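Asks: After the structure tokens below, expect a handful of questions from me.
Protein chains: 2
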Amino acid sequence: MSATIIDGTAVAATIRQQLTLEVGRLARKNVQPGLAAILVGDDPASVSYVTAKAKACAEVGIMSETFTLPSDCTEADLELLIKKLNSDERFHAILPQLPLPAHFDADKVIDSINPEKDADGLHPVNLGRLLRGEQNGPLPCTPHGVMQLLRYSNVDPSGKHVVIVGRSTLVGRPLSILLSNKTKGSNGTVTICHSATADLASFTKLADILVVAVGKPFAVTGEMIRPGAVVIDVGVNRIDDATRKRGWRLVGDVEFVSACEVASYITKVPGGVGPMTIAMLLANTVDAAARRAGLEPVSLG
Amino acid sequence: MSATIIDGTAVAATIRQQLTLEVGRLARKNVQPGLAAILVGDDPASVSYVTAKAKACAEVGIMSETFTLPSDCTEADLELLIKKLNSDERFHAILPQLPLPAHFDADKVIDSINPEKDADGLHPVNLGRLLRGEQNGPLPCTPHGVMQLLRYSNVDPSGKHVVIVGRSTLVGRPLSILLSNKTKGSNGTVTICHSATADLASFTKLADILVVAVGKPFAVTGEMIRPGAVVIDVGVNRIDDATRKRGWRLVGDVEFVSACEVASYITKVPGGVGPMTIAMLLANTVDAAARRAGLEPVSLG
């Protein structure tokens with residue numbers, strides 16, 4: 363048995379096409395969505411993420427601009443920039459690329475963003491609305507991307523046992539809420555596991571749908587997966603690989619080969635959740651522009 | 363075997379004593395905590411809750427005042443009152459008694475409260491901060507009360523499987539976060555079950571700690587409980603009882619008699635979580651006053 367691959371690259375491309383149409387709809391009302399990305403320092407991974415996001419923006423017709431600050435800038439510098447962007451009508455969404463250098467309090471920085479311009483859906487007001495079951499604000503991009511992957515794969519979590527490994531604010535926690543909402547395409551029974559979980563495998567083996575988001579290569583192997591389960595691998599890890607010219611390759615949190623033998627559906631890394639995260643950032647930006655202009659919000663179905 | 367009763371009335375009394383000392387500490391700095399309760403209409407249960415809260419305030423030295431609005435008042439009337447209370451320095455916490463009459467959008471009303479004066483910890487900013495793991499703002503009273511009951515009973519959720527039945531914004535969801543936080547007295551593996559859960563008993567039987575908050579009498583019976591489990595019953599339901607003069611009695615969501623035979627610890631209804639909810643409201647009020655005055659926040663340990 364070999365699992366069917368859930369192709370995040372393809373789903374993300376479909377969503378980007380849909381967003382291109384939405385951008386066209388807004389253009390006819392003289393609205394162009396704008397994203398302000400903020401890059402603090404020159405961490406190579408962050409530079410490459412921001413570049414990928416700018417490229418994706420251009421592709422669907424979102425105007426984007428990247429604001430760069432030196433890594434030794436102060437929190438006050440960054441908050442001043444955000445304050446300016448909060449009142450700059452060209453930008454409907456603001457994205458400080460995470461992680462910020464160690465001397466920043468990322469939560470405080472996020473707090474300073476106008477919640478309506480919260481590209482990542484991580485402002486406490488938006489997380490709080492999510493917790494109380496609302497879905498009409500910006501949703502955190504990666505969890506939202508996972509929901510879309512399930513939807514496009516016709517995997518309905520309703521009445522299923524969903525096990526999420528990882529309790530981060532970025533992924534595990536908001537996803538646990540999205541997956542247990544009393545709504546169509548959700549309604550799952552959700553377990554959150556983490557580093558303090560005793561006997562992780564005893565939980566992962568119970569999962570109809572297993573989502574792994576711990577940032578640890580091979581945290582879940584095939585023998586920890588229930589036969590026929592749907593496996594979503596959120597991890598993106600670099601591991602050494604002497605057979606590659608650059609000396610490393612990307613792997614997820616799930617050992618792909620052994621997992622493939624037991625799962626019914628599975629995502630790959632790269633090409634799974636990653637492209638969806640960027641697509642959901644675009645969706646949040648277009649949606650923010652539509653709401654700002656008093657137009658119909660974006661619906662991805 | 364018969365379970366040890368977790369006595370919420372006694373724990374709440376201990377916490378009220380502690381809060382009386384905290385109020386004394388604030389008094390020496392000329393600060394008196396103030397709670398503004400808002401009662402819309404004259405629903406008997408709501409009237410009795412608000413009366414109980416006012417009495418509890420008086421007992422620990424919190425100044426409280428109840429503002430009453432007719433049940434046919436508009437959302438604008440209520441929001442105008444809240445706006446006034448937001449800027450009234452006598453009050454450090456504002457509590458619109460829930461549920462509001464059907465024509466109110468409770469979420470919108472809660473949104474209009476200054477988050478620093480959010481007596482119930484239900485403002486989206488406070489829920490969002492909770493989601494990202496912060497515990498220095500007002501916490502939702504019932505989940506916080508459950509945490510304190512576990513602590514006073516020396517039940518440590520760390521590494522344990524906690525099953526919560528019920529996904530409400532008031533109880534199940536915030537509690538799932540408090541119980542899975544990476545902190546002392548938490549760190550549990552948490553499963554949230556609800557009305558769409560297939561085979562509820564298969565989950566409840568896995569629980570080391572079982573919390574039931576669905577508002578349905580006898581939703582969980584003894585045979586659904588794992589021997590030795592800790593059982594917290596959040597439900598408060600009225601059922602007909604011809605043997606009582608008033609014709610009804612209060613029961614929880616758990617069938618107490620059969621649960622007692624298998625559980626190691628269990629709460630009663632009444633006298634379990636209920637008194638804790640009020641104690642935590644008092645704690646939020648005193649804490650808000652301390653923070654407002656720039657003094658040390660309240661620590662319940």
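As they're listed, the protein sequences go chains E and G.
Per the numbering used here: the first sequence ends with 663, consecutive numbering throughout.
Per the numbering used here: the second sequence ends with 663, consecutive numbering throughout.
Even glycine gets a Cβ: it sits at the ideal position worked out from N, Cα and C.
What you are looking at is a predicted structure, and each value in this text was computed from that prediction instead of being measured.
Of the choices E/A438, E/Q497, E/P461 and E/H465, whose alpha-carbon is the least far from that of E/S474?
Replies: What you label residue 474 of chain E is simply residue 112 of the first sequence in a count that begins at 1. Among E/A438, E/Q497, E/P461 and E/H465, the Cα nearest to that of E/S474 belongs to E/A438.
Asks: By a C-beta neighbour count over all protein chains shown, 10 Å radius and 16 as the cutoff for buried, is E/H556 buried or exposed?
Replies: By 1-based counting over the first sequence, the position of residue 556 of chain E is 194. Counting the other CB atoms within 10 Å of its CB gives E/H556 a total of 16 or more, which places it among the buried residues.
Asks: I'd like the span of the alpha helix (DSSP H) that includes E/G370, first residue to last.
Replies: On the first sequence, residue 370 of chain E is found 8 positions in, with the first residue counted as 1. G370 to A389 is the extent of the alpha helix (DSSP H) around E/G370.
Asks: Where does G/G577 sit, in a helix, a strand or coil, going by DSSP?
Replies: Residue numbering aside, residue 577 of chain G sits at position 215 when the second sequence is read from its first letter. Three-state result, G/G577: coil.
Asks: Cβ closer than 9 Å: which chain G residues qualify as neighbours of E/R452?
Replies: Locating residue 452 of chain E in the first sequence gives position 90, counting from the first residue. By Cβ distance, chain G contributes nothing, its closest Cβ being about 27 Å from E/R452, past 9 Å.
Asks: Under 7 Å, do E/L541 and E/G528 count as touching if we go by C-beta distance?
Replies: For this step, residue 541 of chain E is matched to residue 179 along the first sequence. For this step, residue 528 of chain E is matched to residue 166 along the first sequence. Not closer than 7 Å, so no.
Asks: So, for G/L493: in the same chain, excluding its five sequence neighbours on each side, which residues have a beta-carbon less than 7 Å away from its beta-carbon?
Replies: Residue 493 of chain G sits at position 131 when you count from the first residue of the second sequence. If we look at G/L493 and ignore the five residues flanking it on each side, its Cβ neighbours are I539.
Asks: Report buried or exposed for G/V619, applying the criterion of at least 16 other Cβ atoms within 10 angstroms of its Cβ.
Replies: The residue given as residue 619 of chain G occupies position 257 in the second sequence. With fewer than 16 other Cβ atoms within 10 Å, it is exposed.
Asks: Please check if any C-beta of chain G sits within less than 7 Å of the C-beta of E/V552.
Replies: To locate residue 552 of chain E, count along the first sequence from 1; it is residue 190. So yes, E/V552 belongs to the interface.
Asks: Exposed or buried, which one is E/L383 when buried takes at least 16 other CB atoms within 10 Å?
Replies: Mapped onto the first sequence, residue 383 of chain E falls at position 21. Looking at its Cβ environment, which holds fewer than 16 other Cβ atoms inside 10 Å, E/L383 is exposed.
Asks: Below 8 Å, how does it come out for the stretch 624-635 of chain G and the stretch 364-378 of chain G: are there three or more Cβ pairs, yes or no?
Replies: yes
Asks: Which stretch, first to last residue, makes up the alpha helix (DSSP H) that contains G/G636?
Replies: Along the second sequence, one-based indexing puts residue 636 of chain G at 274. From DSSP, the alpha helix (DSSP H) with G/G636 extends over V635 to R654.
Asks: Where does E/C419 fall in DSSP's three states?
Replies: As a first step, residue 419 of chain E is located in the first sequence; it is residue number 57 there, counting from the start. Looking at E/C419 - three-state DSSP - the assignment turns out to be helix.
Asks: Taking Cβ-Cβ distances shorter than 8 Å, what residues in chain G pair up with E/C503?
Replies: Residue numbering aside, residue 503 of chain E sits at position 141 when the first sequence is read from its first letter. Per Cβ cutoff of 8 Å: no residues; E/C503 is ~16 Å from chain G at best.
Asks: Going by the beta-carbon positions, is the gap between E/V487 and G/G490 smaller than 7 Å?
Replies: Taking the first sequence and counting its residues from 1, the one referred to as residue 487 of chain E is at position 125. Taking the second sequence and counting its residues from 1, the one referred to as residue 490 of chain G is at position 128. Going by C-beta atoms, E/V487 is nearer than 7 Å to G/G490.
Asks: Indicate whether E/A399 and E/V412 have their beta-carbon atoms separated by less than 7 Å.
Replies: In the first sequence, the residue the question calls residue 399 of chain E occupies position 37. In the first sequence, the residue the question calls residue 412 of chain E occupies position 50. Contact: yes.
Asks: What is the DSSP secondary structure of G/F429, reduced to helix, strand or coil?
Replies: For the purposes of this step, residue 429 of chain G is taken as residue 67 along the second sequence, with counting starting at 1. Of the three classes helix, strand and coil, the one that applies to G/F429 here is strand, per DSSP.
Asks: Is DSSP giving E/V613 helix, strand or coil here?
Replies: The residue given as residue 613 of chain E occupies position 251 in the first sequence. Here E/V613 sits in strand by DSSP.
Asks: Which residue from G/P395, G/D450, G/K470 and G/G495 puts its Cα closest to that of G/H485?
Replies: What you label residue 485 of chain G is simply residue 123 of the second sequence in a count that begins at 1. Among G/P395, G/D450, G/K470 and G/G495, the Cα nearest to that of G/H485 is on G/K470.
Asks: Label G/K544 either buried or exposed according to how many other C-beta atoms from any shown protein chain fall within 10 Å of its C-beta, with 16 as the threshold for buried.
Replies: The count along the second sequence starts at 1 and reaches residue 544 of chain G at position 182. Its Cβ having fewer than 16 others within 10 Å, G/K544 is exposed.
Asks: For E/D570, count neighbouring Cβ atoms within 10 angstroms of its own Cβ and tell me buried if that reaches 16, exposed if not.
Replies: In the first sequence, residue 570 of chain E corresponds to position 208, counting from 1. Using a 10 angstroms sphere on the CB of E/D570, the tally of other CB atoms reaches 16 or more, which defines it as buried.
Asks: Establish whether the CB of G/A581 and some CB of chain E are separated by less than 7 Å.
Replies: Here the question's residue 581 of chain G lines up with position 219 in the second sequence. Not an interface residue.
Asks: Of the residues that make up the stretch 624-653 of chain E, which ones have a beta carbon closer than 9 Å to any beta carbon in chain G?
Replies: none
Asks: Decide if E/T366 is buried, meaning its Cβ has at least 16 other Cβ atoms within 10 Å, or exposed.
Replies: For the purposes of this step, residue 366 of chain E is taken as residue 4 along the first sequence, with counting starting at 1. Exposed, because fewer than 16 other Cβ atoms sit within 10 Å of the Cβ of E/T366.
Asks: Along the stretch 481-508 of chain E, where does the CB come closer than 9 Å to a CB of chain G? Name the residues.
Replies: L484, H485, P486, V487, N488, L489, G490, R491, L492, L493, R494, G495 and E496
Asks: With 16 other CB atoms within 10 Å as the buried threshold, where does G/I444 fall?
Replies: For the purposes of this step, residue 444 of chain G is taken as residue 82 along the second sequence, with counting starting at 1. Buried, by the Cβ-count rule.
Asks: Using 7 Å as the limit for Cβ to Cβ distance, is E/G528 near chain G?
Replies: Counted from its first residue, the first sequence places residue 528 of chain E at position 166. No, E/G528 lies away from the interface with chain G (no Cβ there is under 7 Å from its Cβ).
Asks: Listing by chain order, which chain G residues have their CB less than 9 Å from the CB of E/H556?
Replies: Stepping through the first sequence from its first residue, residue 556 of chain E is reached at position 194. Near E/H556 (Cβ distances below 9 Å), the residues of chain G are S542, K544, N549 and T551.
Asks: Check the Cβ of E/S520 against every Cβ in chain G and list those closer than 8 Å, keeping chain order.
Replies: Taking the first sequence and counting its residues from 1, one reaches residue 520 of chain E at position 158. Near E/S520 (Cβ distances below 8 Å), the residues of chain G are A558.
Asks: Quick one: list the residues of chain A neighbouring G/D469, beta-carbon separation under 7 Å, in chain order.
Replies: Absence of chain A from the displayed structure is noted, the protein chains being E and G.
Asks: Is the Cβ-Cβ distance between E/G403 and E/S449 less than 7 Å?
Replies: One-based indexing of the first sequence puts residue 403 of chain E at position 41. One-based indexing of the first sequence puts residue 449 of chain E at position 87. Not in contact: E/G403 and E/S449 (Cβ atoms no closer than 7 Å).
Asks: Based on Cα-Cα distance, which residue from E/P500, E/P461 and E/H465 lies nearest to E/D480?
Replies: Here the question's residue 480 of chain E lines up with position 118 in the first sequence. Comparing alpha carbon positions, the residue from E/P500, E/P461 and E/H465 closest to E/D480 is E/P500.
Asks: Give the range of the alpha helix (DSSP H) segment to which E/T566 is assigned.
Replies: Stepping through the first sequence from its first residue, residue 566 of chain E is reached at position 204. Taken as a continuous stretch (DSSP letters only), the alpha helix (DSSP H) holding E/T566 covers L562 to T566.
Asks: If we define contact as Cβ-Cβ less than 7 Å, is E/R535 a contact residue for chain G?
Replies: Numbered from 1 along the first sequence, position 173 holds the residue referred to as residue 535 of chain E. At least one chain G Cβ lies under 7 Å of E/R535.
Asks: Near E/A389, what residues of its chain come up, given a Cβ to Cβ distance below 8 Å and the 5 sequence neighbours on each side ignored?
Replies: Position 27 of the first sequence, counted from the start, is the residue given in the question as residue 389 of chain E. Here the set comprises G423.
Asks: According to DSSP, is G/D439 helix, strand or coil?
Replies: To locate residue 439 of chain G, count along the second sequence from 1; it is residue 77. Note: G/D439 maps to helix in three-state DSSP.
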